[in-house]
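S.K.: Could you have a look at this structure, given as structure tokens, before my questions?
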Amino acid sequence: MLFSARLAQDFGVDATEVCARYRALPMLPEYEQIRSGMALRRIRFGQLLASFPQCQAADVAQYVEIYGESLCGSIQWFEGAREALLALAQRVPVLIVTESREDIARPIMSALGLTGSEWRLLCSYAHGVTKRDGSTYRLALEWMGMLPDTLVMIGDSWEMDILGASKAGIRQVWQADDSISLPETPPPGFLGRANDFSAACRLLFPEMSE
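With positions in the sequence shown counted from 1, the corresponding number in the numbering used here is that position plus 51.
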């Protein structure tokens, strides 16, 4: 990643070690109360840079910005996903639901070209809800003004997306590779597994494969 390479260039640290230490940073319970993704990122990057003696004088804000630019610059669509999403949006209302904080999720959507008013985004942290207990999905129902059995959640997290949506009475499609074992007892409303987003859309609308 550009960020770790930049730190290696500026301070002589090992780029691989930078990535390893960043992934190992703990997500502390008190972070749950932080609504701003950028504020949380500054805290975590401050910890990361402080773990390298060579980086004690580093400007945390500068490297947070470099990281953000690197992240957005590396984002790309999985094969066929963009076309599938556009085709899906022509058939049904679409709401993008994420546990990410909004100031992080919006730039990612922009990097993917999802900037129009038709691309609605629900970020759990902005509203004090979570996918895990279904409250995010109940809020989604309010936003869309629809009944639970008229919606489908397509997600890749069994616990957050499949079980969470089920708690709100929403049907689910699990986006997961066949190599991942399917739990023995799927929740009510489980429609099946799809290898990728395009396949998930075809599961709901078979004519999209034509």
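Don't be surprised by glycine CBs; every beta carbon is placed ideally from N, CA and C. Values in this document were obtained by computation on a predicted structure and should not be read as measured data.
Could you pull out every residue in the same chain whose Cβ sits closer than 6 angstroms to the Cβ of I155, ignoring the five residues on either side in sequence?
M.R.: So the qualifying residues of the chain are G88.
S.K.: Cβ atoms of L100 and A109: under 8 angstroms apart, would you say?
M.R.: The answer is yes: Cβ separation under 8 angstroms.
S.K.: Can you round the beta-carbon distance between F54 and I117 to whole angstroms, since I take them to be within the 8 angstroms contact cut?
M.R.: Yes, F54 and I117 are in contact; Cβ-Cβ is about 5 angstroms, under 8 angstroms.
S.K.: Buried or exposed: R142, going by 16 or more other Cβ atoms within 10 Å of its Cβ?
M.R.: Answer is exposed; the Cβ neighbour count stays below 16.
S.K.: Spell out the partners DSSP gives W225 in its beta bridges.
M.R.: According to DSSP, which records beta bridges pairwise, W225 is partnered with G206 and R244.
S.K.: So what does DSSP say about V148, is it helix, strand or coil?
M.R.: The answer is strand: DSSP assigns V148 an E or B state.
S.K.: Between the alpha carbons of S186 and A59, how many angstroms are there, rounded?
M.R.: Looking at the two C-alpha atoms, the distance is approximately 42 angstroms.
S.K.: Excluding five sequence neighbours on each side, which residues of the same chain lie with their C-beta closer than 7 angstroms to the C-beta of M211?
M.R.: Only E150, K182 and R183 meet the Cβ criterion.
S.K.: With DSSP as the reference, identify every bridge partner of R171, one or two as the case may be.
M.R.: DSSP, once it has assigned bridges, lists L146 as partnering R171.
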